[in-house]
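Take the sequence shown: its position 182, counting from 1, is numbered 170 in my numbering, and each next residue is one higher.
Just so you know, even glycine gets a beta-carbon here, dropped at the ideal spot from N, CA and C.
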Amino acid sequence: MKTVTSGSSTDFQNQEELKKHVFKTLDFYYPACIDHEKGGYINGFLDDGIITDTTTKHLVATSRYIYNFSIGAILGGEEDYFEAARHGIRFLNEHHRDHQHNGYFFEMNGTEVENPAKMAYGHAFVLLASSIAYKAGIEEAKDVMENVYDVLETHFWDEDHGLYRDEWNADWTSLSPYRGQNPNMHLCEAMLSSYEATGNEVYLRRAYTLAKMVTIDLAERSEELVWENYTPEWEPDYMYNKGDTKDEFRPYGFIPGHQFEWAKLLMWLDRHRSEPWMLEKAEDLYERAWELAWDNEYGGLFFAVSPELDVIDHDKNYWVMSEAIAASALLAAKTESQTYLEKYQQLFSYSADNLMDHEHGGWYKLLDRENEKYSQEKSSPPKTDYHPVAACYQAIIALDDPS
C-alpha cells in the first residue's frame, strides 16, 4: 500500500480551498491543451504533463474542456479560461458538427472525421458544455445549446419510453438496438445545467422525467439499483458486454459510481423541484452503493458489482470518488446530517492521499485495489478531469446553500 502524501489535511469544506483545487487542476492542462494548429484541445498527457496524443479530438473531451474552463471563469479564475472555453465552442461548431446532416461526430483525427457515429452520450456533453459556457457569458454558446437540444428531440428522444435512444449512424438512417442509462444520466445533468443557465422550464421538466424514469421505473426492474445496459424495450440486458467492466461508456454491472451520481442528480433536481421521493431514493442509492463498494481495508470505492451484488472490479477510479464526493456534499446540504459531511471528508481525504497529484496537478485516472497506479498516463481522451472539477463546483454551491 502506498504511503500517504500531503493533502488529506486540507479543509475541503472551505470554498476557497475548493476553488484553489479547481484552478490547480485546470492549470495541469492549461495552456498546453490548447491546440493552436488544428483547433480544439490536446487530450493525451502523462503524469508530469508530457503530451502523448496531439491528434485525437473526442466530442466528450472537447465538451468537457469547455465545461472545465467555463467553471474556471465562473469561479473567478484567470481571464484566459473564458477564451479557452470559447476556443472549444468554435471547434464544436466548425469540426464536430455535421454540417450536412446536423448532429455532432463522436471522434475526430485532427479535423478529419474518425468516428462519425451520433451518440446520445456525446450530445449530452455538448448540451452540458454549451449551457455552462453560456452561463459563463459566452453568448454564441446559446446557439449550440438550442441546436443540440433540437437534435436530441428530433433523433434521440423516445416518447414511448420517456428516455433517450443511444446511437445513430451519421445520416440518421440506422439506429442501434442498444439502450443505456449512462447517456440518460448525463442528459439529466445537462438539462439541469441548461435550466440553471436559461431559466427555461422545458429543461427542468425533461430532467425530472429522466430522473424518475431511471431511478424509479428502471431501478424497479433491477433490484432497486440502476443497471447499465438495456434492450430496445428497456429491460435490463444482463448479457451485454458481460464481464467487461472497462468499457468507457457501456460498462458491465451495477456501477456504484453511477448510483452516487444519480444521488447527486436527484439532490440537484430537488433544489428546483422538490418532491419527497427524491431524497428517499437518493439516500437509498447512496447508502447501498457505499455498502457495496467501500473498501474497508484499503479505502476507496470498488468499481463494479455483478447482478448478484458481488464485487467484480476492485479498481479505484478517479471519477467514482468524484461523484461520491458531490453526492455527499448535496445530501449534507439537504439533510444537514453530520454523517454525509463525515463521508464527504473521508472521500476527499482518500482522494487527496491517493488520487490527487500534488506536484503537477490533476487526478490520477485508475488505481488497483491497493491504491497503486497502473501507468504514468494521467489523461487520455475523454478524461480532462471534468469529474473532480464538477464535484468541486457542486460542493461549492452546496456549501453556500443557506438552507
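- Burial is judged here by how many other beta carbons sit within 10 angstroms of a residue's own beta carbon; Q247 has at least 16 and is buried.
- If the five residues before and after V202 are omitted, its C-beta is found closer than 8 Å to the C-beta atoms of L151, Q169, N172, M173, C176, V214, W250, all from its own chain and listed in chain order.
- Taking all protein chains shown into account, S181 has 16 or more neighbouring C-beta atoms within 10 Å of its C-beta and is therefore buried.
- Annotation for N31: no alpha helix (DSSP H) segment contains it, and DSSP assigns it neither H nor E.
- Between the alpha carbons of E102 and H46 lies a gap of roughly 9 Å.
- By the Cβ test, the stretch 29 to 44 is in contact with the stretch 346 to 359, since at least three Cβ pairs between them sit closer than 8 Å.
- Between Y332 and S316, the C-beta spacing is below 7 Å.
- Per DSSP, T203 lies in no beta strand (DSSP E) segment and is marked neither H nor E.
- Annotated as proximal: S367 and F33, with beta-carbon spacing under 7 Å.
- Distance check between K304 and each of P295, D283, S294 places D283 closest, using alpha-carbon atoms only.
- If only complete runs of 3 or more residues are kept, the stretch 142 to 202 shows no beta strand (DSSP E) anywhere.
- Inclusion of L289 and P239 in the CB contact set at 7 Å is not warranted, their separation being larger than that value.
- The three-state secondary structure of M309, taken from DSSP, is helix.
- The beta carbons of I59 and V377 sit closer together than 7 Å.
- Under the three-state reduction of DSSP, S363 is assigned to coil, being neither helix nor strand.
- With respect to A379, I300 sits apart: the two C-beta atoms are not nearer than 7 Å.
- In the DSSP assignment, Y274 forms no beta bridge with any residue.
- Counting other Cβ atoms within 10 Å of its Cβ, S262 stays below 16 and is therefore classed as exposed.
- Rounded to whole angstroms, W222 and L206 show a C-alpha spacing of 8 Å.
- Taking C-alpha positions only, F94 is separated from P370 by approximately 11 Å.
- CA-CA distance, V48 to F242, rounds to 23 Å.
- For A20, the three-state secondary structure derived from DSSP is coil.
- Counting the other Cβ atoms within 10 Å of the Cβ of S162 gives fewer than 16, which makes it exposed.
- When C-beta atoms of the stretch 116 to 135 are compared with those of the stretch 73 to 88, three or more pairs fall below 8 Å, so the two segments count as touching.
- Per DSSP, the continuous beta strand (DSSP E) segment holding T40 begins and ends at 39 to 41.
- Taking all protein chains in view, the Cβ of T13 is crowded by 16 or more other Cβ atoms within 10 Å, so the residue is classified as buried.
- Per DSSP, the unbroken beta strand (DSSP E) holding K45 starts and ends at 44 to 46.
- Minimum Cα-Cα distance from E127 among the listed residues R153, Y29, I77, L140 corresponds to I77.
- Assignment of beta-bridge partners to F242 by DSSP yields W215, V293.
- Taking a cut-off of 8 Å for Cβ pairs, the stretch 64 to 74 and the stretch 4 to 20 touch, as three or more such pairs fall below it.
- In the DSSP assignment, the residues bridged to P224 are Y218.
- In the displayed model, K304 falls within a strand according to three-state DSSP.
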